[in-house]
Amino acid sequence: MIRRHLPVLITLAVFIVGYLICLAQFPSFASTRVIGNLLTDNAFLGIVAVGMTFVILSGGIDLSVGSVIAFTGVFLAVSIEKYGLNPYLAFILVLCIASLFGAGMGFLIHTFQIPAFIVTLAGMFLARGLCFVLTTDSIPINAPAYGHIADIAFALPGGGRLTFIAIVMLLTFAAGIVLAHFTRFGTNVYALGGNRTSAELMGVPVGKTTIRIYMLSSFLAAVAGIVFSFYTSAGYSLAATGVELDTIAAVVIGGTLLTGGYGTIIGTLVGVLIQGLIQTYVTFEGTLSSWWTKIAIGALLFAFIVLQRGLSAASLRTR
Amino acid sequence: MTEQPQLLEIRGLTKGFPGVQALDHVDFTLHAGEIHGLLGENGAGKSTLIKVLTGVFKRDAGTIRLDGQKIEARDPADALSLGIGTVYQEVNLLPNLSVAENLFIGRQPHRFGLVRTGEMRRLSEELLAGYGLDIDVANPLSTYSVAVQQIVAIARAVDLSAKVLILDEPTASLDAHEVETLFKILRDLKSRGIGIVFVTHFLDQVYAVCDRITVLRNGHLVGSRPIAGLPRIELVSMMLGRELAAEALHRTQRGTVTGEPLVAFKDYGKRRLMEPFNLTVRPGEVVGLAGLLGSGRTETAKLVFGIERADSGQAFVHGRTVRIATPRDAARLQFGFTPEDRKTEGIVAELSVRENIILALQAQRGWLRLIPRRKQEEIANRFIKLLDIRTPDAEKPIGLLSGGNQQKALLARWLATEPRFLILDEPTRGIDVGAHAEIIRLIERLCEDGLALLVISSELEEIASYSDRVVVLRDRRHVRELSGSDVSADTIMTTIAGH
């Protein structure tokens, strides 16, 4: 029981130790303001990471999510500001487009047995290219609805704010946990990651599940794109470059095996928070370049992959 | 036993692959409440039969009836829904999912779209209790032994309303106690009216559990007989396809080899793989390993060459203790090994004949000390001439050569390292008749040159013709060593049958 959850427990321990270190140096880390900001600042990353966790659990990868986030932002900015579309209608539209886009990638991956890496790499270029077709400028979004939504927040005791986008992230995680651990779809995702051939022999609907996984990932990327547009109040073609890699890092640090089959959604949340924590620490420190975040994440990622190898080797030995 | 109704009836089943007729008008009948052994050597067509039955392959001709109804499975999942469940040696379940999820995937009890995990666990525990298994079903399957995994696979197949249960070599990686547990379950299922097809190589197990056997050979049906009253020797001769010959086969006349052994293995073995054995080979001697498929011939070779690491016993070269933990160790001791599966374990198909021949020698020298191109060509051409490898030139990719010539190039690879001891696993398999005789002549010539040889072959006449001694294996044990005038195909066969 304990060994099964060891990767997540280690991630959690890293987060707690990291938090305590930050707290020792900067006592204000205990304030709800910092915690509220931690959640808000990483909301879009957390939302994509939920989708990415499903993809990686199934033994795949989705490199297109960063581009889909940017596309969502640009699409919203252009349709709302240039064409005067109702923002809520624009949200629904972009979620549908992204879902179709993801379903298409899943279809290609399953039907032609092309590695997910290649298909989603193509998807990444495609979505990024579409951004530039729509516009090359950074377009600010000034629609009143944006202001209203961005203002929704619960005041936390101690001056912090639990913003709307932070709530969206937390709800996404809650839904992700239910989907992964308490539905047939979730079991099928783990089954695909465990052994695709066996899963097929056991009657798992491999094609349908694959399509749904990538559809979910792109859908959540679009949700993240919407959240990101609240956060920045603009649509820009070059936004969110490299976010797919940050996301993969968060998932792996969260204890999900990159080869699929093992991992949890809750671990991904902790993985995202660890990244946010490092970022916040660097900001508080003030003298450090923000690239130190990347260096710390790189070191952590490396340590976790080595740890996973060690754990799986150890579990093979004890068998 | 009263005759049960026919459950599965296969008539005239035919399946061909390019160049091979894997099944040729095979009939097979399984009754309800019967354990039916499906036997045959390599290439007999057992696995093709199973794969056609379960919808992995499409048949060319023939009918399959289940309970009198014609059926045609599209894929294994479809076969399962029709009532044919299969459990493979390599358990085809999901190691990362819990035992309960493995049992119920695709049909989990649920409410409002959510899986009722507690209910699923309770059902799983109930189900497994019927098989005498009391385990925590919430743990991942991979935390349990192969034996438990196999029982879970059987429980799943049977619970999915299997009328026919196919077990493909289920006992290959189980120990004696686990096999007994499995057999108890099989007998229990049999009494519930399930028809079981049991594929195995272990004759003792066939006699222990089967009611009836069907033997295939080279895609043909050899016969189907009740096991009661079937003498072992007859079963073995059905499998190997030869009657006890009246005329004894003549061995090449050669004096008995005496002298100190070059290599000796004492109580050498590995748990779950091979019972400890003693084996010696002298310079200029050919020792043959004979037995049915799965009897431990290849396993012996792998232990001797360090591909599998022995966990008991000692190895000696010229009387001195040596450690053979990896193939590198073996190669350093000037051992050579040509594997049974030439295509995947022997040749590197894309590389040229020259590169293939030079491979072991280069590895022995270390990659930093590259053998000069001129020298490589010289070695390659020398062996091409010496062994009469038929290739236009040394630069042709080896994958394009015929099987016999590939085999000769593999031999050349090790001969180039000037070995003292060569292990040849099925050196004549899949080779045409002409090349066959050449390989055998080559073996005899190498032996005259003072090499020590350990040769594995399923061809009894062949192995009797060139071996000075023959070790006969059965059920992962060396059961008897034949030497002198005892070395004949007939004696080997009776020894395999256990008389």
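So the sequences go chain by chain: L and Y. full-length UniProt numbering applies: residue 1 is where the first sequence begins, and numbers increase by one. full-length UniProt numbering applies: residue 1 is where the second sequence begins, and numbers increase by one. Note that CB positions come from ideal geometry on N, CA and C, so glycine has one too. From a predicted model like this one, the values you see are computed outputs, not experimental measurements.
Contact check, residue i vs residue j, beta carbons under 7 Å
i	j	result
L:F26	L:F228	no
L:F182	Y:V115	yes
L:I56	L:T247	no
Y:G216	Y:G403	Sequence inspection shows Leu at residue 216 of chain Y; the Gly mentioned does not correspond to that position. No, Cβ-Cβ distance for Y:L216 and Y:G403 is not below 7 Å.
Y:I398	Y:V455	no
Y:V317	Y:S467	no
Y:T54	Y:P76	yes
Y:H220	Y:D24	yes
L:F164	L:I152	yes
Y:T300	Y:E340	no
Y:D201	Y:L273	Looking at the sequence provided, one finds His at residue 201 of chain Y rather than Asp. No. Outside cutoff.
Y:G106	L:G260	no
L:A127	L:I61	no
Y:L422	Y:L451	yes
L:L38	L:F29	no
Y:L141	Y:L174	no
L:L162	L:G36	yes
Within chain Y, the residues that residue i reaches when beta carbons sit closer than 9 Å
i	result
L:R128	Going along chain Y, no residue has its Cβ under 9 Å from L:R128, so there is no contact; the nearest lies around 34 Å.
L:G261	L94, P95, N96 and L97
Candidates the options, of which the one nearest residue i by Cα
i	options	result
Y:C210	Y:L221, Y:R225, Y:I135 and Y:L7	Y:R225
L:L93	L:H110, L:G104 and L:F71	L:F71
Y:P419	Y:V152, Y:V257 and Y:F305	Y:F305
Y:H110	Y:N102, Y:L103 and Y:E119	Y:E119
L:D41	L:L307, L:T280, L:T287 and L:F284	L:T280
Y:S237	Y:G269, Y:A437 and Y:L203	Y:L203
L:I167	L:P115, L:Y190, L:V223 and L:Y19	L:V223
L:V65	L:T135, L:F125 and L:P157	L:F125
residue 561 of chain Y	Y:V20, Y:T280 and Y:Q69	As shown, chain Y starts at 1 and ends at 499. That puts residue 561 of chain Y outside it, with no answer to give.
Y:G83	Y:L93, Y:R65 and Y:E90	Y:R65
Y:A162	Y:G106, Y:A79, Y:F383 and Y:V146	Y:A79
L:V48	L:S289, L:G260 and L:L63	L:L63
Y:A61	Y:V20, Y:L13, Y:L94 and Y:L97	Y:L13
Y:D449	Y:V56, Y:P283 and Y:E178	Y:P283
Per-residue contacts from residue i into chain Y (C-beta, under 8 Å)
i	result
L:F182	L114, V115 and T117
L:Y214	Within 8 Å Cβ-Cβ: nothing; L:Y214 doesn't reach chain Y, min ~21 Å.
Under 9 Å from the C-beta of residue i: neighbouring residues of chain L
i	result
Y:E481	What Y:E481 touches in chain L: nothing, since even the nearest Cβ is about 36 Å away.
Y:E101	T187, Y190 and A191
Y:L174	By Cβ distance, chain L contributes nothing, its closest Cβ being about 15 Å from Y:L174, past 9 Å.
Y:L80	L201, M202 and G203
Close-in-space but distant-in-sequence residues of the same chain around residue i (CB under 6 Å, 5 per side omitted)
i	result
Y:K302	E308
L:Y214	G102, M105 and G106
residue 507 of chain Y	This structure gives no information on residue 507 of chain Y, because the portion of chain Y shown stretches from 1 to 499.
Y:G498	R232
Y:E247	Only weak support exists for where Y:E247 lies, its pLDDT of 39 falling under 50; the value from the coordinates is given anyway. Counting only Cβ-Cβ distances below 6 Å, and skipping sequence neighbours, we find nothing.
L:E285	none
Y:A264	T280 and F316
L:G186	L179 and A180
Same chain only: Cβ atoms within 8 Å of residue i, ignoring 5 sequence neighbours per side
i	result
Y:I358	I371, Q376, I379, A380, R413 and A416
Y:I492	A290, L460, I463, A464, V470, V472 and L482
L:F219	G51, L95, A98, S99 and G102
L:L108	I114 and V119
Within chain L, partners of residue i - CB distance below 7 Å
i	result
residue 501 of chain Y	Residue 501 of chain Y cannot be examined here, being either before or after the span of chain Y that is shown, 1 to 499.
Y:I105	T187, A191, M202 and V204
Partner residues on chain Y for residue i, Cβ-Cβ distance less than 7 Å
i	result
L:S198	N92, L93 and L94
L:G255	Within 7 Å Cβ-Cβ: nothing; L:G255 doesn't reach chain Y, min ~13 Å.
L:G267	Chain Y residues near L:G267: none, gap ~15 Å exceeds 7 Å.
L:G194	L94, P95, N96 and L97
Contact set between residue i and chain L, taken where Cβ atoms lie within less than 8 Å
i	result
Y:Q108	R184 and T187
7 Å CB neighbourhood of residue i in its chain, flanking five on each side removed
i	result
residue 508 of chain Y	This structure gives no information on residue 508 of chain Y, because the portion of chain Y shown stretches from 1 to 499.
Test: residue i CB closer than 7 Å to a CB of chain B
i	result
Y:I213	In the displayed structure, chain B is absent; the protein chains listed are L and Y.
>> Pairs of beta-carbons, one from the region 59-71 of chain L and one from the region 237-244 of chain L, closer than 8 Å: are there three or more?
In response: Proximity of the region 59-71 of chain L to the region 237-244 of chain L meets the contact definition, three or more beta-carbon pairs being nearer than 8 Å.
>> Using 8 Å as the cut-off, can you tell me whether the region 32-39 of chain Y makes contact with the region 184-204 of chain Y, which would need three or more C-beta pairs spanning the two stretches below that distance?
In response: These segments touch.
>> Under 8 Å: do the region 121-139 of chain Y and the region 152-162 of chain Y share three or more Cβ pairs, one atom per stretch?
In response: Verdict: yes, contact present.
> Any chance the region 295-302 of chain L sits against the region 201-209 of chain L, with 3 or more Cβ pairs inside 8 Å?
Replying inline: Flag = no, the region 295-302 of chain L and the region 201-209 of chain L do not touch.
> Are at least three pairs of beta-carbons, each pair with one atom in the region 143-153 of chain L and one in the region 77-87 of chain L, less than 8 Å apart?
Replying inline: Yes: the two stretches touch, three or more of their Cβ pairs being nearer than 8 Å.
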